[in-house]
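Numbering (this note's numbering), first residue to last: 48 to 290. We put the beta carbon where it would ideally sit given N, CA and C, even for glycine. For clarity, every value in this text was computed on a predicted model and none was experimentally measured.
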C-alpha cells in the first residue's frame with residue numbers, strides 16, 4: 048500500500064499519522080516516564096553547577112542545619128538553652144547551699160568555742176589553753192570551709208566539662224532535649240572541646256560575672272543563624288535539638 052504523494056516526482060512514501068518516523072517526535076508508552084535528555088540531572092541528583100551542601104550548612108535559614116552523622120537537625124532555640132541553664136543552675140545552687148551550710152555551721156561552732164573561754168580567768172593557764180584550742184579549732188574549720196569551696200568548684204568543673212565532653216549534655220540539656228555536638232562531625236565535643244567551651248565563660252566570670260553573662264548572651268550576636276556563642280565558636284560546637 049503506497050502512502051506517497053502522487054504529485055511527488057520521487058515517489059517518497061510518508062509514514063501514517065501517529066506512527067514514529069523521521070521528523071516526528073516519539074511519544075513514550077503510557078505509564079512510562081520519559082527519559083531526561085542530555086544536560087538535565089536525573090531525579091535525586093544534585094543539579095549541575097550547584098555544589099552539594101556541606102555539613103554545617105543552614106537549610107534556607109529556617110532554623111535547621113545539616114550536621115554530619117546527624118542529618119538535618121534543628122538548631123536549639125535560646126529559650127530552650129536558657130531553660131536548660133536554669134535547671135543546671137538550680138542543681139548547682141542546691142549543691143552550693145549544702146556546702147555553704149556545712150561551712151557556716153563550722154564557723155559558728157568555732158565562735159561558740161571561743162565564747163566558752165569567757166568564763167575562765169584570763170590570767171590563768173587554763174584560759175590560754177582554752178584560747179589556743181579554740182583558735183586551732185577555728186583554723187581547722189576555716190581550712191575545711193575553703194576546702195569545701197574548692198571541692199564545690201571541682202564538682203561544677205567536672206559536671207559541666209566532662210558531661211559536655213563525653214555525653215554532649217548536662218542534666219538541664221537532657222531534660223529539654225538539647226545536645227552539644229561538634230559542627231563538622233556531629234559527635235560529642237570530647238575532652239578538649241568540652242574544656243574550651245567551659246573555660247571561656249569561667250574566664251569571663253572574673254569581671255564580676257559580666258563577661259560570663261556576655262558569653263552566654265553571645266548567640267544573639269551570631270548573624271549566621273546557627274546561634275553559636277563565642278564559646279561554641281572557639282570549641283567548634285553547636286547546640287541542636289535532638290527530641
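DSSP three-state call for residue i: helix, strand or coil?
i           : result
residue 124 : coil
residue 87  : Because the pLDDT of residue 87 is 44, which lies under 50, any placement of that residue in the model is unreliable, and the number read from its coordinates should be weighed accordingly. Three-state result, residue 87: coil.
residue 283 : coil
residue 253 : coil
residue 172 : helix
residue 96  : Legend: pLDDT at residue 96 = 44, less than 50; position of this residue unreliable, no value from coordinates given.
residue 234 : coil
residue 189 : helix
residue 198 : helix
residue 147 : helix
residue 71  : Confidence at residue 71 is low in this model, with a pLDDT of 48, below 50, so the placement of that residue should be treated as unreliable; the coordinate-derived value is given next. Coil.
residue 264 : helix
residue 275 : coil
residue 130 : helix
residue 258 : helix
residue 135 : helix
residue 179 : helix
residue 215 : coil
Quick one: measure Cβ to Cβ for residue i and residue j, integer angstroms, because I've assumed they're closer than 8 angstroms.
i           : j           : result
residue 233 : residue 290 : That belief does not hold up - the Cβ atoms of residue 233 and residue 290 are roughly 15 angstroms apart, past 8 angstroms.
residue 217 : residue 135 : 5 angstroms
residue 211 : residue 227 : 5 angstroms
Compare the beta carbon distance of residue i and residue j with 8 angstroms and say whether it is the shorter of the two.
i           : j           : result
residue 123 : residue 231 : no
residue 247 : residue 277 : yes
residue 258 : residue 251 : yes
residue 235 : residue 215 : yes
residue 244 : residue 195 : no
residue 192 : residue 142 : no
residue 203 : residue 149 : no
What does DSSP give as the partner residue(s) for residue i in the beta ladder?
i           : result
residue 288 : 121 and 225
What does a CB cutoff of less than 7 angstroms around residue i pick up in its chain, not counting 5 residues either side in sequence?
i           : result
residue 121 : 110, 111, 287 and 288
residue 213 : 235
residue 269 : 275
Between residue i and the rest of its own chain, which residues show a CB-CB distance below 6 angstroms, the 5 nearest in sequence each way excluded?
i           : result
residue 222 : 134
residue 274 : 122 and 266
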